[in-house]
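Engineer: Just dropping this structure here.
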Amino acid sequence: MKKLNALGSCVLFSLLLPGSSCRTAESEMNSGIKPNADMMQKNIAPDTYQKLLEVNYETNTKDSGIPGVNGTSATAPDAAYMVPHTGSTGNNYAIAHKVTEGDPAYFSDGNYRSESDAMTVQAARFHDGDMRRYEFSILLKDWPLWNANDTIKETNLFQCKITGPPYVPVMIRVVRNAIRTRNPDTSVVDLVPDITPYINQWLDFRVDVTWSSTNTGNLKYYVKLPGNSDYTLIKEYTNIRTYTGDSPNGQFGYVKWGIYGVPPSGTRIAYHDDIKIFGK
14 MKKLNALGSC
24 VLFSLLLPGS
34 SCRTAESEMN
44 SGIKPNADMM
54 QKNIAPDTYQ
64 KLLEVNYETN
74 TKDSGIPGVN
84 GTSATAPDAA
94 YMVPHTGSTG
104 NNYAIAHKVT
114 EGDPAYFSDG
124 NYRSESDAMT
134 VQAARFHDGD
144 MRRYEFSILL
154 KDWPLWNAND
164 TIKETNLFQC
174 KITGPPYVPV
184 MIRVVRNAIR
194 TRNPDTSVVD
204 LVPDITPYIN
214 QWLDFRVDVT
224 WSSTNTGNLK
234 YYVKLPGNSD
244 YTLIKEYTNI
254 RTYTGDSPNG
264 QFGYVKWGIY
274 GVPPSGTRIA
284 YHDDIKIFGK
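Quick note, the sequence shown lines up with residues 14 to 293 if you use our numbering.
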């Protein structure tokens with residue numbers, strides 16, 4: 014019926030405008046192609062990601078009230094603690110992580126670190142073939158700036174880690190005065206080239222990943238700086254191996270966020286909030 018109505022309209026159009034043709038419209042209907050279909054799809058297609066985990070700390074607890082979320086493994090009383098969230102999201106609380114190099118109370122899991130993780134949360138895990146979106150917010154609290162006389166030390170802020178192999182496929186960290194990511198193909202890219210204007214301000218990040226143990230994976234990094242209303246795509250990788258684990262032997266991936274690695278005798282503090290994981 015829809016096709017007959019469309020053809021009838023086309024015939025009427027031809028009568029009103031002699032010389033016009035119904036061939037194009039008819040052939041498009043017969044082939045299932047609609048005029049401007051790409052534009053229509055772009056405008057009306059819903060986001061197909063489904064939320065798997067949200068850690069927003071609105072319970073004012075280090076596990077955000079979610080069984081399996083670990084606040085930290087470091088033993089220092091202030092290795093992880095709750096703080097008011099003063100950003101634009103409307104949240105009331107965030108988590109702070111602190112590490113002081115050389116103090117054994119901040120030493121855990123083989124290094125100076127204070128990190129939260131969702132390793133035992135089944136919904137937060139990823140495997141070979143999964144498609145995931147990760148969103149999170151970070152504030153560098155009173156962060157000391159690097160100068161040419163300082164030791165170069167990388168401080169990790171967020172990781173997508175896979176059990177088993179040592180290589181971490183997604184690692185977002187501070188290097189000198191930039192927030193940089195190291196990728197599965199060992200390349201690096203600066204997500205925030207200069208953190209100087211953004212100390213003590215919330216920065217929002219998004220990472221889209223197609224996890225693949227072959228060279229068919231994809232990876233996109235987005236950043237939303239203070240004052241911006243939406244994310245900006247910073248870097249996209251296609252046709253790379255993103256899943257570095259040995260999937261057939263039961264390996265899986267999980268997320269970590271906090272502070273890992275600081276300069277000698279240095280102290281670093283970072284706030285994290287709105288850690289979200291989506292899948293499709």
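We treat Cβ as the ideally placed atom computed from N, Cα and C, and that holds for glycine.
In this structure, does DSSP put residue 102 in helix, strand or coil?
Structural biologist: Residue 102: coil per DSSP, three-state reduction.
Engineer: List the DSSP bridge partners of residue 151.
Structural biologist: According to DSSP, which records beta bridges pairwise, residue 151 is partnered with 216, 285.
Engineer: Determine whether the beta carbon atoms of residue 125 and residue 134 lie at a separation below 8 Å.
Structural biologist: No, they are not a contact pair.
Engineer: Have a look at residue 206 and residue 224 and give me their C-alpha separation to the nearest angstrom.
Structural biologist: About 26 Å.
Engineer: Alpha carbon to alpha carbon, how far is residue 229 from residue 280?
Structural biologist: Residue 229 and residue 280: Cα-Cα distance of roughly 40 Å.
Engineer: Would DSSP call residue 172 helix, strand or coil?
Structural biologist: Correct three-state label for residue 172: strand.
Engineer: Roughly how many angstroms separate the alpha carbons of residue 291 and residue 232, rounded to a whole number?
Structural biologist: So the two alpha carbons sit approximately 14 Å from each other.
Engineer: Can you look up residue 94 in the DSSP assignment and give me helix, strand or coil?
Structural biologist: Residue 94 falls in the strand class under three-state DSSP.
Engineer: Ignore the nearest five residues each way along the sequence and tell me which others in residue 221's own chain have a CB closer than 6 Å to its CB.
Structural biologist: The answer, listed in chain order, is 146, 233.
Engineer: My guess is that residue 83 and residue 150 are in contact by the Cβ rule of under 8 Å, so how many angstroms apart are they, rounded?
Structural biologist: Incorrect: roughly 19 Å between the Cβ atoms, too far for contact.
Engineer: Consult DSSP for residue 119 and reduce its assignment to one of helix, strand or coil.
Structural biologist: In this structure, residue 119 counts as helix in the three-state DSSP scheme.
Engineer: Which two residues bound the contiguous beta strand (DSSP E) that contains residue 225?
Structural biologist: Element bounds for residue 225: n/a, residue is neither H nor E.
Engineer: Quick check on the DSSP output: the beta strand (DSSP E) that includes residue 68 runs from which residue to which?
Structural biologist: First-last of the beta strand (DSSP E) with residue 68: 63 to 68.
Engineer: Residue 3 by DSSP, collapsed to three states: which one?
Structural biologist: Because the chain here runs from 14 to 293, residue 3 falls outside it and cannot be looked at.
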